[in-house]
Amino acid sequence: MNYYEVLQVDHTCGSGDIKRAFRRLLKRFHPDRNPRNHAWAEDQTRRLVEAYHVLADETRRKFHDHQLRMNGRTALSPTGTSLGQGGVAALCRRMLNDLLEGNGSRATETYEALRGHHASFDFYPFLSLKDHLDCKFLLGEEYERQSCLRAALQLYEEVFEDEREGPRLRYFLDEVYERIVSIYCHDLVRHPDVEEAAELYDHALDLDLQAKDRAEILKRFSEVLLKLGQHDNARSRLSEAVRIRPGLKGVQRLCSRLGIEVGAL
């Protein structure tokens with residue numbers, strides 16, 4: 013699909029032109045303005061949103077431009093054979109079908125083979141916006157089931173950011189936020205690789221999370237730092253957690269392990 017044609021703009025247009033075209037066409041095709049052709053209007057609106065989602069993002073736009081210039085695209089299949097653009101699209105669709113049908117192991121093998129050849133591989137333009145989000149979310153679920161928490165978090169966080177940028181479709185926004193918080197607050201603290209857990213907790217502090225969740229994550233981070241023998245850092249993180257959320261449960265236990273009183277934080 014040529015997203016420039018969808019938005020009726022030239023491929024040299026600027027970001028302002030893209031935004032104006034999107035708003036103009038969205039008003040024209042909005043289902044509320046086309047009550048007699050509601051299904052058609054919804055389909056047109058989805059196409060517009062998908063086009064804007066790609067062209068308003070510099071990285072995705074460059075990738076889309078590259079695809080338009082190419083007569084084909086080379087990638088490797090899971091068996092190591094060369095594939096054209098249609099082959100990559102077929103692999104992406106098969107991966108999504110495998111996830112929907114419960115064949116998660118084959119889906120992750122396909123995903124890792126594609127990423128192995130293209131480290132920055134994205135599902136655009138091989139899947140629609142909705143299918144792209146479905147695929148990432150379901151892959152995240154599969155990696156979570158396999159206890160591959162780093163991979164699960166990466167996919168969940170990508171979905172979360174995709175949902176928040178541009179037109180907010182909110183297919184998974186609330187659910188994926190809960191998954192992210194659940195892993196950080198409940199699963200990661202028991203991760204056998206303590207150093208990796210600490211690295212992921214440090215990354216979590218850069219996320220735009222609610223104050224109560226940030227406080228809980230800081231407390232869990234403190235627990236992991238204690239396991240690493242980093243008492244000063246553990247105390248610092250715990251103190252920050254208490255400042256954000258006084259009365260946070262579990263603080264007394266950690267203070268006892270640190271050999272301090274709660275009031276000393």
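Note that the sequence shown covers residues 13 to 277 in this note's numbering. Backbone N, C-alpha and C define an ideal beta-carbon position, used for all residues, glycine too. In this text the structure is predicted, and so the values were computed from the model without any measurement.
Pick from the options that is closest to residue i, judged by C-alpha positions
i, options, result
"L67", "N14, V274, S117 and L38", "N14"
"E154", "D174, D143 and E113", "E113"
"E17", "L230, W52, R59 and A51", "R59"
"K239", "L277, Q222, A276 and L266", "L266"
"D205", "G262, C147, L161 and L141", "L161"
"K39", "Q56, A51 and C104", "Q56"
"R72", "F133, R118 and E207", "F133"
"S159", "L126, H203 and D186", "H203"
"L221", "V201, E190 and P43", "E190"
"E252", "G241, V274 and S268", "V274"
"F75", "F135, V188 and L219", "F135"
"R157", "L126, D186 and G116", "G116"
"D77", "D186, D22 and S268", "D22"
"A163", "L270, D143 and L212", "L212"
"E207", "D186, R48 and G241", "G241"
Same chain, Cβ closer than 7 Å to residue i, neighbours up to 5 away in sequence not counted
i, result
"F184", "L145, F149, V171 and E175"
"S27", "A68"
"L237", "A210, N245, A246 and R249"
"M107", "A119, T122, Y123 and C147"
"Q166", "none"
"G262", "K231"
"V254", "L260, V263 and L277"
"D143", "L108"
Proximity below 8 Å, CB of residue i to CB of residue j
i, j, result
"T120", "L139", "no"
"F41", "A51", "no"
"R257", "A223", "yes"
"V201", "E235", "yes"
"L111", "L126", "no"
"L270", "H243", "yes"
Close-in-space but distant-in-sequence residues of the same chain around residue i (CB under 6 Å, 5 per side omitted)
i, result
"I192", "Y168"
"N46", "A53"
"F188", "Reading the sequence as shown, one finds Val at residue 188 and not Phe. Y168, V171 and F172, listed in sequence order."
"P43", "H50, A53 and E54"
"E70", "none"
"L141", "E62 and H65"
"D225", "V193"
Nonlocal neighbours in the same chain, by C-beta distance under 8 Å from residue i, ignoring five residues either side
i, result
"D214", "F233"
"T24", "none"
"L19", "I30, A33, F34, L37, L60, A63, Y64 and L67"
Check: residue i C-beta below 7 Å from any heavy atom of the ligand MG
i, result
"T122", "With respect to the ligand MG, the structure offers nothing, as it holds no ligand at all."
CB contact below 8 Å: residue i versus chain D
i, result
"T24", "Structure shown: chain D not included; a single protein chain is present."
Beta strand (DSSP E) runs contained entirely in the region 151-222, provided each spans 3 or more residues: none
Every unbroken alpha helix (DSSP H) inside the region 34-87 [4 residues or more]: 50-67 and 70-81
Three or more C-beta pairs below 8 Å linking the region 219-230 and the region 194-203: yes
Any alpha helix (DSSP H) of 4 or more consecutive residues that is wholly inside the region 110-146: 116-129
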